[in-house]
Structures are given as C-alpha cells and as structure tokens.
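Numbering (our numbering), first residue to last: 481 to 867.
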C-alpha cells in the first residue's frame, strides 16, 4: 500500500518538474525553483528504495552513504525553497544575491558535515531513518537527523505562512489556488515534528516514549501526498501565464478600434508601441486611452456632452451594468465628431496622469467602454452636440 501511495505521488511530481523546468527564466528565484523541483524529486525517489541503498553500501563500503545522499538532496531542496521564500522579501537584487549566498552557505555546511560523518563511518544505514519512532543509530546520525528534521519543519512552517499570506493578496484565481495547495501540502511537516518528538526517547532510553506511536508505513508515506500537492500547486501559476496572455490578446483586440480612433484624432497623445510584448502593449494602450479621455474631460463642452450621453443611455433602457460604459462610449464618439482642439489642455498634461492604480480594474473599465464603442455608440443630437 505504501509503495502505491509513493508511486502515485512521484509520477505527477516528475511530470510537473520536467514540464516546468524549460519555462523557468534565468533569474535567481526561478533558478531556485528549478533546484527545488529537481532535488526534491531525486530525494523523494531515492529515499524509499532499499535496493538502491544496498547497492551504494556494497560499492562504497560506507554504511552511511545512502543516508548522506538522501540528506544532501533533501538539504538542497529545502535550501532552495527557503531561499526562494527569503528572496520574496528582499528589497533589491543585491539583497537577493546576499540571501542566496547565505542560503547556500548553510546548505553547503550541512552537506559537508553529513558527508564527513559518512566518510568517517560515523553514520549508519538510512533504514533507521524510515522506522520513525525506532531510531537506534549512531550519535552522529541522530544529531544529523535532528538538525535535518528541524530544518525541514522550520521550512514547512515558514512556507505555510508565506504561501497563505501571498494567496490572500493574489488577484489570479489559479495563482491563489496554487498557493493554497502549496500551503496545504506542507502537512508533510507533521512527519518531521513526529520524528523530533521521538528522537529524544530514542537517543536516551531512560526517557519514556510518547504515547501516540505511528506505524512505520504511515511515517514513511505521509509526506508524499503533501509533496504532490505542493508540486501541483507550483504548476498552477504556470498555467495562469498562457491564460493571461490569451486574455491580454482578447482585450487588445477589443480596445483596438477605440485606440485607433483616438490615435487618429490625437497622435501627440496616443503613441503606437507595436514592438512591446502583448501584456505591456495592453497596459500602454489602456494608459494612453486614459490620457486621451482625461484630455477630453478637460474640454469645456465635455460636461454637458457627458450629461447628455448619460440621459441618452438611460432613455435607451439599457441594462444597468452597461449604462456608464455606454454613456462614455457615446460621449467619446460625439466628442471625436466635433474634433475639439485640446492643444492647451495637452500642454500641461503628463503621460499616465489619469491611469488607475488598479491595473486589472482599469483594463476592465476601458474594455467595457471599447465594447460599447465597437458595437455602435448611441448618437447624440441635442444642443450640446451641435455647439
């Protein structure tokens, strides 16, 4: 049963790791993600393989080599995750590199100590590590195991807090779901807490054991479903990227007619940015449309024209959620038809002056106006239009 659980967890972990690695950009944080994925998969695959452990012992003559190898891959994975978390709070690139250096310095020290203990035959076989609650190993291995499990528990707790806080502020549903999955997946840290509780009575036989023993099978597999959840959670934000790109392309196509008409009327305000990436081009287009609408709003006849547009859409009996966007579309069309001279207003204008701080909200608002504008704005025929 335990072998089936481990296999079911390892398959999606390796698939996600292999699919995720090519898309990782060359930045310190993305490098850490790559290291965490690969070393985490290696550790999770290597740990439950007694045949591999026996083979390593046979060819090396070092009983502690499997334990040291497992610890090394685990420490690398933990250090990568810990460094990724710390770099999330770093203020600038220099601080990020300092955090990265300190993280790997700690990891290197732990790996060096474990390797030295293995080479000097102060470590026993890794099998004692799996029999949680029954650690009868050398003092060096017990101390090393305590440090490793303590570090593991610390990273799990820190990651749970960090992912939960980050999920609460995320605007993307996929990213939010992925972060919550990564936080939930850290329940595997319970195995580390359990191991630490039993290390004391295991190392000091005179101290009674804790009264809540787990089976060795449960202790060996409890963290694997958590690892799988964490990997799945890490993959979800990557799935959000093509969705964001698709939405940006859709919104850009939607606002293009409005953007083109404003660019034709006011080329000094609307600039073309054809070489920008899709997402940046969308933000530039929305910012420039905001600028043009801000200039139109400063036009003396604008107030009366917008009031008439609101009256016209109310008389047209449009749905309530379309009223304001339809009014602005009618106002823009009527204003552009009169070709007002905005040179005086433009002389005191700065780029992005009216752009909203809420970028997704600003895009949604301009897209709603552009949708009404493309569908054919309501004509205005009052005196305000004729003036």
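C-beta atoms are modelled at their ideal positions from N, C-alpha and C, and glycine is treated no differently.
Could you give the distance in angstroms between the alpha-carbon of residue i and the alpha-carbon of residue j?
{"i": "residue 788", "j": "residue 800", "result": "17 Å"}
{"i": "residue 856", "j": "residue 803", "result": "14 Å"}
{"i": "residue 499", "j": "residue 508", "result": "19 Å"}
{"i": "residue 842", "j": "residue 766", "result": "7 Å"}
{"i": "residue 736", "j": "residue 701", "result": "54 Å"}
{"i": "residue 784", "j": "residue 744", "result": "24 Å"}
{"i": "residue 847", "j": "residue 731", "result": "6 Å"}
{"i": "residue 510", "j": "residue 580", "result": "12 Å"}
{"i": "residue 539", "j": "residue 552", "result": "19 Å"}
{"i": "residue 705", "j": "residue 489", "result": "6 Å"}
{"i": "residue 640", "j": "residue 587", "result": "21 Å"}
I need the boundaries of the alpha helix (DSSP H) containing residue i, first residue and last residue.
{"i": "residue 767", "result": "758-778"}
{"i": "residue 802", "result": "It is not in any alpha helix (DSSP H) - residue 802 carries neither H nor E in the DSSP assignment."}
{"i": "residue 666", "result": "Segment: none, residue 666 is in no alpha helix (DSSP H) and carries neither H nor E."}
{"i": "residue 797", "result": "Where residue 797 is concerned, there is no enclosing alpha helix (DSSP H), given that its DSSP letter is neither H nor E."}
Determine the closest residue to residue i out of the options, with distance taken between C-alpha atoms.
{"i": "residue 558", "options": "707, 543 and 816", "result": "707"}
{"i": "residue 522", "options": "510, 544 and 550", "result": "550"}
{"i": "residue 631", "options": "603, 591, 545 and 651", "result": "591"}
{"i": "residue 585", "options": "675, 562 and 661", "result": "562"}
{"i": "residue 554", "options": "847, 594, 532 and 599", "result": "594"}
{"i": "residue 603", "options": "657, 544, 810 and 650", "result": "544"}
{"i": "residue 870", "options": "852, 547, 662 and 518", "result": "No information on residue 870 is available, as it lies outside the stretch 481 to 867 that the chain covers here."}
How close, in whole Å, do the beta carbons of residue i and residue j come, if the pair is a contact with beta carbons under 8 Å?
{"i": "residue 626", "j": "residue 679", "result": "5 Å"}
{"i": "residue 636", "j": "residue 659", "result": "Contact flag wrong, Cβ pair sits at about 15 Å."}
{"i": "residue 849", "j": "residue 792", "result": "Incorrect: roughly 15 Å between the Cβ atoms, too far for contact."}
{"i": "residue 901", "j": "residue 786", "result": "Residue numbering for the chain in the displayed model covers 481 to 867; residue 901 lies beyond these limits and cannot be assessed."}
Helix, strand or coil for residue i? Go by DSSP, reduced to three states.
{"i": "residue 653", "result": "helix"}
{"i": "residue 631", "result": "helix"}
{"i": "residue 529", "result": "coil"}
{"i": "residue 808", "result": "helix"}
{"i": "residue 818", "result": "helix"}
{"i": "residue 613", "result": "Caution is warranted here: a pLDDT of 47 is assigned to residue 613, below 50, making its placement in the model unreliable, and the coordinate value is therefore given only provisionally. Of the three classes helix, strand and coil, the one that applies to residue 613 here is coil, per DSSP."}
{"i": "residue 863", "result": "Unreliable positioning characterises residue 863 in this predicted model, as indicated by a pLDDT of 42, which lies under 50. The coordinate reading is nonetheless provided below. The answer is helix: DSSP assigns residue 863 an H, G or I state."}
{"i": "residue 641", "result": "helix"}
{"i": "residue 853", "result": "helix"}
{"i": "residue 542", "result": "coil"}
{"i": "residue 489", "result": "helix"}
{"i": "residue 496", "result": "helix"}
{"i": "residue 600", "result": "coil"}
{"i": "residue 790", "result": "helix"}
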